[in-house]
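Residue numbers (full-length UniProt numbering): 48 to 350. First comes the structure, then the notes that go with it.
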Ligand code: 13P
Ligand code: SF4
């Protein structure tokens, strides 16, 4: 923290001077999450908060699709991402042409796309969802069959709880697809009584072994509410570090997997973004309206 302190002070000074707000995803490192963010949360919370910010500039500390969502919801504001190479294996797994193919295969089915998609794909979808509202969104759709893209595991996990038939795309998150049921059983053997909580981007066999499954915000809330003596958070590494400070009595068992995209964001490039006004995130005019409709429909169903 000694090493981070000058950056944290400077970022917090410059963001006020530049009328900027810092929105940070729960996978940001602790010095970003605790040190400089104005709002930290899961994908749904960040999308909702993006509709409420007063500042003229949004610094999106997260990956590119999150910055695009903020821009879609705030066309008149400047949205900056500290490193535009921060992508996502889910967002890059599907195009609007793929959505059209799925629509042709399942005529009449509504397309529910995870927010982990490009603006182009959101624009081609009927409604978005996040990991915290996916079941409610799927259930709210008309018809017997719903198309879910692009996360195949999230879709299978939702299908297991849903009354709908769920047709899905086979994308996966490079962080969560790596976890295995054997690994979770090994934690339980090594640490009797350990709480095992998982993100729904994990394979169904992993989710089946978990005591709780939820979005990143849901997982943090579960730990804060239940305060288990020992827990393994089956998700990205920074989650345990970020919540550990607030739950000192809980022992967090690692390992976890790192998202290399999320880890592109650092205090150094946040400060650079503030000073230089780069890298600005833009969304093509043709996608703005239809993508906003898909995100706003999601927020309406959720509220
Ligand atoms: P949530 O924070 O919405 O659970 O999403 C997790 C994730 O992997 C975002 O990239
Ligand atoms: Fe995408 Fe997975 Fe990284 Fe989230 S953790 S940004 S879903 S690759």
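The beta carbon of each residue, even a glycine, is placed where N, CA and C say it ideally should be.
Check: For residue 212, the residue or residues it bridges with in DSSP; Outcome: 192
Check: Rounded C-alpha distance that separates residue 346 from residue 180; Outcome: 9 Å
Check: Cβ neighbour criterion (16 or more within 10 Å) applied to residue 78; Outcome: buried
Check: Beta-carbon proximity of residue 143 to residue 167, cut-off 8 Å; Outcome: yes
Check: Residue 222 beta carbon near ligand 2 (any heavy atom closer than 7 Å); Outcome: yes
Check: Residue 321 versus residue 343: straight-line alpha-carbon distance, rounded; Outcome: 28 Å
Check: Simplified DSSP state of residue 70, which is helix, strand or coil; Outcome: strand
Check: Ligand 1 site residues, beta-carbon cut 5 Å against heavy atoms; Outcome: 89, 90, 177, 178, 262 and 263
Check: Cβ-Cβ distance between residue 241 and residue 279 below 8 Å; Outcome: yes
Check: With 16 other Cβ atoms within 10 Å as the buried cut-off, status of residue 49; Outcome: exposed
Check: Exposure label - residue 275; buried when at least 16 CB within 10 Å; Outcome: buried
Check: Reduced DSSP category for residue 260 - H, G, I as helix; E, B as strand; rest coil; Outcome: strand
Check: Closer than 7 Å: residue 359 CB and nearest ligand 2 heavy atom; Outcome: One cannot answer for residue 359 here, as it falls past the ends of the chain, which runs 48 to 350.
Check: For residue 87, three-class secondary structure by DSSP; Outcome: strand
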